[in-house]
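Just below is one structure, and these are the notes that go with it.
Protein chains: 2
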Amino acid sequence: MRRTKAEAKETRQQILLAAEKVFYEKGVAHASMEDVARVAGVTRGAIYWHFANRADLVLELYNSLPMPQEELIARELEAENADVFGVLERVGREWLEMLATDEHRQRILSILLRCDTSGEFAAISERQNDLDDEHMQALEAAFAKAEGQGKLGGTWTPRSAASMLRWVIKGLCSEWLLFGRRFDIASEGKEALRRLFATYSAPTPST
Amino acid sequence: MRRTKAEAKETRQQILLAAEKVFYEKGVAHASMEDVARVAGVTRGAIYWHFANRADLVLELYNSLPMPQEELIARELEAENADVFGVLERVGREWLEMLATDEHRQRILSILLRCDTSGEFAAISERQNDLDDEHMQALEAAFAKAEGQGKLGGTWTPRSAASMLRWVIKGLCSEWLLFGRRFDIASEGKEALRRLFATYSAPTPST
DNA sequence: CAACATACAAACATCGCTGTATGTTAATTC
DNA sequence: GAATTAACATACAGCGATGTTTGTATGTTG
Chain A
1 MRRTKAEAKE
11 TRQQILLAAE
21 KVFYEKGVAH
31 ASMEDVARVA
41 GVTRGAIYWH
51 FANRADLVLE
61 LYNSLPMPQE
71 ELIARELEAE
81 NADVFGVLER
91 VGREWLEMLA
101 TDEHRQRILS
111 ILLRCDTSGE
121 FAAISERQND
131 LDDEHMQALE
141 AAFAKAEGQG
151 KLGGTWTPRS
161 AASMLRWVIK
171 GLCSEWLLFG
181 RRFDIASEGK
191 EALRRLFATY
201 SAPTPST
Chain H
1001 MRRTKAEAKE
1011 TRQQILLAAE
1021 KVFYEKGVAH
1031 ASMEDVARVA
1041 GVTRGAIYWH
1051 FANRADLVLE
1061 LYNSLPMPQE
1071 ELIARELEAE
1081 NADVFGVLER
1091 VGREWLEMLA
1101 TDEHRQRILS
1111 ILLRCDTSGE
1121 FAAISERQND
1131 LDDEHMQALE
1141 AAFAKAEGQG
1151 KLGGTWTPRS
1161 AASMLRWVIK
1171 GLCSEWLLFG
1181 RRFDIASEGK
1191 EALRRLFATY
1201 SAPTPST
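Top line first, the protein sequences correspond to chains A and H.
For the first sequence, the numbering used here begins at 1 and goes up steadily by one.
For the second sequence, the numbering used here begins at 1001 and goes up steadily by one.
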């Protein structure tokens, strides 16, 4: 019973959805391919037709997430007198709001956070690490620009400011995702970002 | 060839050390009990004598970590005019320094961070969550005290201050442990804590 | 110094799961 | 419309790991 191309894509999508559900509920390590197949309404044959193995399935799950448009942000920051803090705070807020509303992203990121990154999934976590590195460099550059504009106060350096921002957002997201989403990440995150950026622009102590 | 009690304890310790090494290198999910046994210089029989199963072994690994004396800290904070910020900043700094020097703690926490928390290891992560909850309550109480002393400035509330501190420390440790320890956690953490506590005591904006 | 318990080693049972190979049917292709 | 191939289902081989059971030699206890 060979399917049409459109039907095949539909099947692939069903498998991804099933994998998202099953991996999220049972954990990547302890869910079998047949668990996924059952939920998707197919057999393991279909899964192995569309995906090489479980690691590949997880990778494609990760790839199915639309990534934020970084070039757009970079362009916003290009202007000579760009409001760096305003842009960064807004981007952070938007990211948290997107996470709060996109349940697929929540589940997939939970899966990635809880999955054993050594061994077969090393490739995925390496990709994430590379992305993180790029983000850090972009952040540092942005804060350096703010410093050049004389807007970075306190004892902040571009590096320390970028690191702090990263730690807060990562801590916030990890806690929310791994800990049962027991608080309103959008509003609490918004508050936290506001306070954090307020400290960035605090006047340098004249000691 | 039955061993004496002291020798048995020694064997148990060897198994724990081997498990720490093997689980750290291969990941909990993909290391077999025989891998552990081989490194420990025993057979799986010895492991199953001392531990019920792999989850129990991981749990005992976690239990082997000496926990910071929380009562001591609580007592320090009891005094009417206690320097809350000073104590908390010092405690945080000491924690980071301890983590930076104790390689066992580094490996075991790495194992816990990367291990799949669903399924068989749910008990362990629940215990961690409970501990985290206690910490949060203690932190909130401490910041509430500081607020009562009129020392909590800005727009901070006890809850937001405690959350922020937690997120920063968690983000810091996670990044350092999972990311190859690519920076000096003691010194960078010390700086971050100093900046963070400085913002806590910043004067309230009179808007 | 029996008698028993302890601290393992060695062998066993078995089972779930993975990957692959083969079979089948229907969509494409030329 | 014959040939090909895509899209699966089904069947198979086989490992690797787990938990248990049995064996055994030696501490330990009364």
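Cβ coordinates follow ideal geometry from the N, Cα and C atoms, glycine included.
Over the uninterrupted alpha helix (DSSP H) stretch that includes residue i, give me the two end residues.
i	result
T117 of chain A	Element bounds for T117 of chain A: n/a, residue is neither H nor E.
G1086 of chain H	1084–1101
M33 of chain A	33–40
V22 of chain A	5–26
A52 of chain A	Unbroken run through A52 of chain A: none, as it is neither H nor E.
L1193 of chain H	1185–1200
W156 of chain A	Premise fails: W156 of chain A is in no alpha helix (DSSP H) and is neither H nor E.
E1078 of chain H	1070–1078
Does any CB atom of chain H fall closer than 9 Å to the CB of residue i?
i	result
L196 of chain A	yes
F251 of chain A	Summary: the structure shown does not reach residue 251 of chain A, with chain A confined to residues 1 through 207, and so no result is reported for it.
V36 of chain A	no
V91 of chain A	no
T199 of chain A	yes
A100 of chain A	no
H50 of chain A	no
What's the C-alpha gap between residue i and residue j?
i	j	result
F1197 of chain H	L1172 of chain H	16 Å
G1045 of chain H	V1058 of chain H	17 Å
M164 of chain A	D83 of chain A	19 Å
I124 of chain A	G92 of chain A	23 Å
A146 of chain A	S201 of chain A	9 Å
R12 of chain A	Y24 of chain A	18 Å
N1081 of chain H	G1148 of chain H	10 Å
R182 of chain A	W176 of chain A	7 Å
D116 of chain A	K151 of chain A	41 Å
L101 of chain A	L178 of chain A	In the sequence under discussion, the amino acid at residue 101 of chain A is Thr, which differs from the Leu named in the question. Roughly 16 Å separates the two Cα atoms.
G119 of chain A	A1031 of chain H	10 Å
A1040 of chain H	I1015 of chain H	5 Å
R1195 of chain H	G1189 of chain H	10 Å
A144 of chain A	I1185 of chain H	22 Å
A1079 of chain H	M1136 of chain H	20 Å
R1114 of chain H	G1027 of chain H	7 Å
E63 of chain A	T199 of chain A	Checking the displayed sequence, the identity of residue 63 of chain A turns out to be Asn instead of Glu. For N63 of chain A and T199 of chain A, the distance between alpha carbons rounds to 36 Å.
F1051 of chain H	Q1128 of chain H	21 Å
R1159 of chain H	V168 of chain A	15 Å
A1037 of chain H	I1047 of chain H	7 Å
E1020 of chain H	K1009 of chain H	17 Å
T157 of chain A	I1108 of chain H	33 Å
K1005 of chain H	A162 of chain A	54 Å
F1121 of chain H	E1134 of chain H	21 Å
S174 of chain A	W95 of chain A	14 Å
R1002 of chain H	M1033 of chain H	22 Å
V229 of chain A	N53 of chain A	With chain A represented from 1 up to 207, any question about residue 229 of chain A goes unanswered, as that position is not in the structure.
E126 of chain A	W49 of chain A	26 Å
K170 of chain A	E191 of chain A	15 Å
May I ask you to check if the CB of residue i is nearer than 8 Å to at least one heavy atom of the ligand GDP?
i	result
E71 of chain A	Ligands in the displayed structure: none, and consequently the ligand GDP is not present.
Cβ of residue i less than 9 Å from any chain A Cβ?
i	result
H1174 of chain H	A small fix is needed here, since residue 1174 of chain H is Ser in this sequence, not His. It does: the Cβ of S1174 of chain H has a partner Cβ on chain A nearer than 9 Å.
V1084 of chain H	no
D1132 of chain H	yes
G1045 of chain H	no
K1170 of chain H	yes
A1202 of chain H	yes
H1030 of chain H	yes
Measuring alpha carbon to alpha carbon, tell me which residue in the options is nearest residue i.
i	options	result
L139 of chain A	A:F183, A:K21, A:E70, A:R181	A:E70
A1055 of chain H	H:A1029, H:R1038, H:M1067	H:A1029
V87 of chain A	A:W95, A:L96, A:I73, A:L99	A:I73
T204 of chain A	A:E103, A:T155, A:Y62	A:T155
L1077 of chain H	H:L1131, H:R1090, H:Y1062	H:R1090
E1103 of chain H	H:A1161, H:P1066, H:E1060, H:I1047	H:P1066
I111 of chain A	A:V22, A:T157, A:F85, A:W95	A:V22
P68 of chain A	A:T43, A:E60, A:N53, A:M98	A:M98
E1060 of chain H	H:K1005, H:L1017, H:V1042, H:T1004	H:L1017
L131 of chain A	A:E7, A:G153, A:R166, A:R107	A:R166
Q106 of chain A	A:G180, A:G153, A:A192, A:A142	A:G180
A142 of chain A	A:L193, A:A192, A:R75, A:K170	A:R75
G153 of chain A	A:E191, A:F85, A:S187	A:F85
Going along the stretch 106–130 of chain A in order, which residues come within less than 7 Å of chain H, judged by CB to CB distance?
-> R114, C115, D116, T117, S118, G119, N129
Relative to chain H, which residues along the stretch 156–167 of chain A have a C-beta separation below 8 Å, given in chain order?
-> W156, S160, S163, M164, R166, W167
Compile a chain-ordered list of the residues in the stretch 12–27 of chain A whose CB is closer than 7 Å to at least one CB of chain H.
-> Those residues of the stretch 12–27 of chain A that come within reach of chain H (Cβ to Cβ, closer than 7 Å) are K26, G27.
Using a Cβ cut-off of 9 Å, which residues of the stretch 1183–1195 of chain H contact any Cβ in chain A, in chain order?
-> In summary, the residues of the stretch 1183–1195 of chain H whose CB is separated from some CB of chain A by less than 9 Å are F1183, E1188, E1191, A1192, R1194, R1195, in the order they occur in the chain.
Name, going along the chain, the residues of the stretch 143–156 of chain A whose beta-carbon falls closer than 8 Å to a beta-carbon of chain H.
-> G154, T155, W156
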